[in-house]
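Remember, our numbering sits 140 above the position in the first sequence when you count from 1.
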Amino acid sequence: MSSQLLPSAPLSITPPPPSKARPPVLLHTLSQRTHIPPHVYKHPSAILLELCTSMKELHQILPLIVKNGLYDEHLFQTKLVSLFCKFGSMPEAARVFDPIDDKIDPLYHTMLKGYAHNSCLDDALSFFNRMKYDSVRPVVYNFTYLLKVCGDSADLVRGREIHGQLIVHGYASNVFAMTGVVNMYAKCRLIDEAYKMFDRMPERDLVCWNTIVAGYAQNGLAKRALELVSRMQEDGQRPDPVTIVSMLPASANLGSLRSGKQIHGYVVRAGFVLLVNVSTALVDMYCKCGLVGTARLIFDGMRSRTVVSWNSMIDGYAQSGDSKEAWILFKKMLDEGLKPTGVTIMAALHACADSGDLAGGEFVHQLVNQLGLVSDVSVMNSLISMYSKCKRVDIAAKLFEDLPFRTLVSWNAMILGYAQNGHITEALNHFCRMKLQNIKPDSFTMVSVIPALAELSVLRQAKWIHGLVIRTCFDKNVFVMTAIVDMYAKCGSVHIARRVFDLMPERHVTTWNAMIDGYGTHGHGKAAVELFREMRRGDVEPNEITFLCIISACSHSGFVEEGRRFFIIMKEDYGLEPSMDHYGAMVDLLGRAGKLNEAWDFIQSMPIEPGINVYGAMLGACKIHKNVDLGEEAADRLFQLDPEEGGYHVLLANIYATASMWDKVAKVRTMMEKKGLQKTPGCSLVDLRNEVHTFYSGSTWHPQSKKIYAFLETLIDKIKAAGYVPDTNSIHDVEDDVQEQLLSSHSEKLAIAFGLLNTSPGTAIHIRKNLRVCGDCHNATKYISLVTRREIIVRDMHRFHHFKDGSCSCGDYW
DNA sequence: CTAGGGTTAG
Numbered sequence: 141m142s143s144q145l146l147p148s149a150p151l152s153i154t155p156p157p158p159s160k161a162r163p164p165v166l167l168h169t170l171s172q173r174t175h176i177p178p179h180v181y182k183h184p185s186a187i188l189l190e191l192c193t194s195m196k197e198l199h200q201i202l203p204l205i206v207k208n209g210l211y212d213e214h215l216f217q218t219k220l221v222s223l224f225c226k227f228g229s230m231p232e233a234a235r236v237f238d239p240i241d242d243k244i245d246p247l248y249h250t251m252l253k254g255y256a257h258n259s260c261l262d263d264a265l266s267f268f269n270r271m272k273y274d275s276v277r278p279v280v281y282n283f284t285y286l287l288k289v290c291g292d293s294a295d296l297v298r299g300r301e302i303h304g305q306l307i308v309h310g311y312a313s314n315v316f317a318m319t320g321v322v323n324m325y326a327k328c329r330l331i332d333e334a335y336k337m338f339d340r341m342p343e344r345d346l347v348c349w350n351t352i353v354a355g356y357a358q359n360g361l362a363k364r365a366l367e368l369v370s371r372m373q374e375d376g377q378r379p380d381p382v383t384i385v386s387m388l389p390a391s392a393n394l395g396s397l398r399s400g401k402q403i404h405g406y407v408v409r410a411g412f413v414l415l416v417n418v419s420t421a422l423v424d425m426y427c428k429c430g431l432v433g434t435a436r437l438i439f440d441g442m443r444s445r446t447v448v449s450w451n452s453m454i455d456g457y458a459q460s461g462d463s464k465e466a467w468i469l470f471k472k473m474l475d476e477g478l479k480p481t482g483v484t485i486m487a488a489l490h491a492c493a494d495s496g497d498l499a500g501g502e503f504v505h506q507l508v509n510q511l512g513l514v515s516d517v518s519v520m521n522s523l524i525s526m527y528s529k530c531k532r533v534d535i536a537a538k539l540f541e542d543l544p545f546r547t548l549v550s551w552n553a554m555i556l557g558y559a560q561n562g563h564i565t566e567a568l569n570h571f572c573r574m575k576l577q578n579i580k581p582d583s584f585t586m587v588s589v590i591p592a593l594a595e596l597s598v599l600r601q602a603k604w605i606h607g608l609v610i611r612t613c614f615d616k617n618v619f620v621m622t623a624i625v626d627m628y629a630k631c632g633s634v635h636i637a638r639r640v641f642d643l644m645p646e647r648h649v650t651t652w653n654a655m656i657d658g659y660g661t662h663g664h665g666k667a668a669v670e671l672f673r674e675m676r677r678g679d680v681e682p683n684e685i686t687f688l689c690i691i692s693a694c695s696h697s698g699f700v701e702e703g704r705r706f707f708i709i710m711k712e713d714y715g716l717e718p719s720m721d722h723y724g725a726m727v728d729l730l731g732r733a734g735k736l737n738e739a740w741d742f743i744q745s746m747p748i749e750p751g752i753n754v755y756g757a758m759l760g761a762c763k764i765h766k767n768v769d770l771g772e773e774a775a776d777r778l779f780q781l782d783p784e785e786g787g788y789h790v791l792l793a794n795i796y797a798t799a800s801m802w803d804k805v806a807k808v809r810t811m812m813e814k815k816g817l818q819k820t821p822g823c824s825l826v827d828l829r830n831e832v833h834t835f836y837s838g839s840t841w842h843p844q845s846k847k848i849y850a851f852l853e854t855l856i857d858k859i860k861a862a863g864y865v866p867d868t869n870s871i872h873d874v875e876d877d878v879q880e881q882l883l884s885s886h887s888e889k890l891a892i893a894f895g896l897l898n899t900s901p902g903t904a905i906h907i908r909k910n911l912r913v914c915g916d917c918h919n920a921t922k923y924i925s926l927v928t929r930r931e932i933i934v935r936d937m938h939r940f941h942h943f944k945d946g947s948c949s950c951g952d953y954w
């Protein structure tokens with residue numbers, strides 16, 4: 141067996157000359173007395189050298205050794221070089237190495253090892269070439285050092301070269317050398333090439349099986365990695381702790397609890413549980429498979445833990461959404477005096493981002509500075525994400541701009557940060573900026589940019605990015621394509637969305653959700669329900685979000701009974717517990733349909749304390765159905781919850797205004813002022829050729845402003861002739877003509893006028909509005925679509941309105 | 001001097 145492990149070519153180490161120095165007398169006599177051959181005893185200088193643990197100690201010991209005389213000169217030289225290499229000082233190693241006249245081969249080997257470990261690959265290779273020049277025959281382990289460095293730096297070109305040289309030197313069948321080759325190719329992400337080399341090996345031992353298993357596991361081919369473990373067992377190799385530590389992340393990656401538990405069983409039977417790296421990998425696996433509690437039990441039962449154990453557990457909590465527990469454990473780790481690593485910091489920042497804990501995030505930021513982790517770009521990326529999630533995209537941007545070098549992840553974090561904070565133009569600018577710097581976007585970039593364009597709601601831009609997605613082959617990526625489906629729906633083209641949806645070979649639950657929601661917001665309740673039924677017949681399981689989408693689709697279309705049924709099915713058939721958003725959607729469903737008392741009773745029967753969104757839905761329903769009493773009651777409860785949004789107060793004020801209760805309107809306004817709440821200014825966007833034009837109520841800064849107002853005046857006369865009556869009952873404190881003027885300068889009317897002025901007859905006009913469409917604008921737009929024979933598509937904060945021939949797709953029900 | 005494999009991370 142062991143003969144197979146020997147190199148096929150003879151080793152070329154020249155035997156060192158017999159030692160001239162005799163061991164000191166004491167040791168010599170000791171060895172005679174105990175019949176141990178004298179060469180087993182080491183020279184005291186050698187022992188001293190071996191005790192060195194740092195460069196400082198080495199420099200202290202050196203004079204002593206020189207004073208007390210050298211033992212074997214070659215051994216001393218080699219030992220010294222080895223120590224300088226070990227402590228990372230290649231210049232000092234070279235100072236010892238260079239002047240030596242009769243260099244023995246091991247001296248060269250030691251030096252090469254030093255270069256391989258401490259310097260760049262170039263230094264190691266040029267030393268390797270010098271060896272050849274000095275006629276030193278390379279030995280197997282010279283190649284293994286170099287292959288390792290190639291693998292670590294993923295330098296495929298040099299890796300191949302060394303592979304070639306290794307063959308020339310006759311090591312093509314050497315297990316050690318070829319294991320190094322397999323590992324090198326695997327690290328260079330050429331797993332097929334790695335397997336080819338593995339397959340050609342005449343003999344395979346445990347280490348080389350472990351190498352190929354780890355190779356597959358690290359290249360994301362988890363299933364194949366686990367299959368190979370079965371094969372290695374058929375080949376007579378028993379998985380050892382190293383195998384296990386590759387298998388566990390593989391089964392975690394698969395999310396396969398069954399195989400994870402199987403491995404756990406094996407670990408227990410084989411007696412590996414006490415090994416800290418094995419139990420750490422178990423903790424990680426259970427976290428990734430969703431059993432964070434089980435992971436915690438293992439973590440708590442560990443006799444010793446490394447920083448990796450802590451990191452795995454903290455990140456396990458962070459990834460599973462338990463940011464509270466993640467934070468508690470992070471603090472505990474600090475309390476125990478453990479030094480966090482970059483990974484710890486990233487997990488902690490993830491937790492802060494999730495819970496919106498800015499103060500916690502700032503604390504971690506300080507820690508990053510103290511620990512000197514500012515040069516760790518991954519940590520900085522996490523800081524950017526944390527600040528963005530905590531709505532401080534300004535700080536995130538500052539960090540991003542100050543980065544000495546940026547990775548793709550940095551760009552993605554920044555683009556997503558901008559997109560999620562509503563800075564759509566900035567998100568798109570950065571996308572263009574990264575492309576100008578020749579940084580290739582990945583699917584994460586696309587999934588950040590596409591929703592930004594969806595927010596912009598400009599069909600032309602949507603088609604542009606869709607084209608880009610196809611050209612860059614991201615149309616094979618289910619997440620990117622889901623974003624595209626969602627984007628088309630949000631750009632008003634639910635039919636294109638459906639076409640893209642139909643063409644997708646693979647659909648994720650989010651793909652179905654996007655399409656169902658698309659139908660819902662466009663008021664195509666029937667299509668939404670049909671698609672949901674189709675989904676249930678297929679093998680993609682609906683999730684909580686699916687039910688949110690379908691219930692809200694029912695709400696937009698007035699399908700009260702269907703909506704109710706879905707709410708029940710959700711729990712009974714799928715075991716999904718309704719969240720606050722689901723309760724909100726149900727109140728909206730009932731309330732919108734005019735079943736205000738039922739909606740109120742529904743709120744009373746909720747098993748959890750109703751949130752802002754629930755009372756908000758109630759208030760909205762009261763506005764539609766002009767119910768002051770219930771509206772007041774809902775608002776009362778709502779305001780106790782201290783909403784940061786000024787919109788709810790405006791809603792209540794509008795309820796009062798509709799009922800001409802002007803004193804109450806004034807009261808609400810005062811309350812708003814006291815609380816420092818502001819009404820979000822209404823704004824409408826319209827895209828024209830290459831520009832997005834923004835209009836605010838009464839704004840006059842647009843270059844075409846004069847033309848727009850003049851056109852609007854004649855337009856309003858025309859629709860009045862067709863039957864339009866301005867709805868002035870929400871304004872009371874100004875003269876009639878001023879009321880009308882205020883109404884006619886609403887942002888959507890300005891945007892529509894601008895759109896009509898600048899586009900050709902027969903084309904549709906797309907308007908994007910940040911708030912809900914007001915009643916008067918809704919009515920006016922219907923008439924405008926009639927008299928101008930133009931289709932006008934308005935996307936408000938909740939849904940789409942397709943105005944055509946005097947009516948709206950929402951059936952005046954929004 | 002005296003070889004090759006392994007854990008956490010957007």
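Beta carbons are placed, not taken as given, at the ideal position from N, Cα and C, and that holds for glycine. Quick caveat, the model's predicted, so the values are computed rather than measured.
Item                                                                                                                  : Value
According to DSSP, residues forming a beta bridge with R908                                                           : L825 and R935
Buried or exposed (CB count within 10 angstroms, at least 16 for buried), P480                                        : buried
Uninterrupted alpha helix (DSSP H) stretches inside the stretch 692-727 (no shorter than 4 residues)                  : 700-712
Whole-angstrom C-beta distance between M442 and S449, which should lie under 8 angstroms                              : 6 angstroms
Collapsed DSSP secondary structure at T686 in the structure displayed                                                 : helix
For S947: DSSP bridge partner residues                                                                                : K944
Rounded distance between the beta-carbons of M726 and I84, thought under 8 angstroms                                  : Absent from the structure is residue 84, since the part of the chain shown begins at 141 and ends at 954.
Span separating the alpha-carbon of K288 from that of V754                                                            : 60 angstroms
Other residues of its chain near H175: CB distance less than 8 angstroms, five sequence neighbours each side excluded : Residue confidence is low: H175 scores 43 on pLDDT, short of 50, so the model does not pin down where it sits. Its coordinate-derived value is still stated next. The answer is none, since no qualifying residue turns up.
Collapsed DSSP secondary structure at Y248 in the structure displayed                                                 : helix
Host alpha helix (DSSP H) of F216 (start-end)                                                                         : E213 to K226
Length-filtered (4 minimum) alpha helix (DSSP H) runs lying within the stretch 306-377                                : 315-327, 331-340, 346-358 and 362-374
For E931, the nearest candidate out of I905, V519 and C914 (CA to CA)                                                 : I905
Assumed close pair A362, S391 - CB separation to whole angstroms, cut-off 8 angstroms                                 : 7 angstroms
Helix, strand or coil at H404 [DSSP, three-state]                                                                     : helix
C-beta contact flag for L684 and L716 at 7 angstroms                                                                  : The amino acid at residue 684 is misidentified as Leu; the sequence shows Glu. Yes; because the gap between Cβ atoms is below 7 angstroms, this pair is in contact.
Run of the alpha helix (DSSP H) containing E831, from where it starts to where it stops                               : Note, E831: premise wrong, no alpha helix (DSSP H); beta strand (DSSP E) at E831 to Y836.
T810 burial status per 10 Å Cβ neighbour count (16 or more: buried)                                                   : exposed
DSSP three-state assignment for R809, whether helix, strand or coil                                                   : helix
Distance, K226 Cα to P591 Cα                                                                                          : 52 angstroms
Among A256, V221, G254 and K253, nearest to P239 - alpha-carbon criterion                                             : V221
G360 classed as buried or exposed, judged by whether at least 16 other C-beta atoms fall within 10 angstroms          : exposed
Stretch-stretch touch, CB-based, cutoff 8 angstroms, three pairs: the stretch 891-909 with the stretch 825-834        : yes
Contact under 7 angstroms by Cβ, G663 with S697                                                                       : yes
First through last residue of the alpha helix (DSSP H) which encompasses R673                                         : G665 to R677
Cβ-Cβ distance between W652 and M675 below 7 angstroms                                                                : yes
Rounded distance between the beta-carbons of A920 and Y864, thought under 8 angstroms                                 : 6 angstroms
Whether V322 touches T351 by CB criterion (7 angstroms)                                                               : yes
8 angstroms Cβ shell around W467 - same chain, five flanking residues per side excluded                               : A488, A491, C492, S495, D497 and G500
For Q459, the three-state DSSP class (helix, strand or coil)                                                          : helix
Buried or exposed (CB count within 10 angstroms, at least 16 for buried), L593                                        : buried
Reference L346; option with closest CA among T319, K327, K336 and R639                                                : T319
Run of the alpha helix (DSSP H) containing A733, from where it starts to where it stops                               : Per DSSP, A733 belongs to no alpha helix (DSSP H) and is neither H nor E.
Buried/exposed call for P901, threshold 16 Cβ in 10 Å                                                                 : exposed
With 16 other Cβ atoms within 10 Å as the buried cut-off, status of G395                                              : exposed
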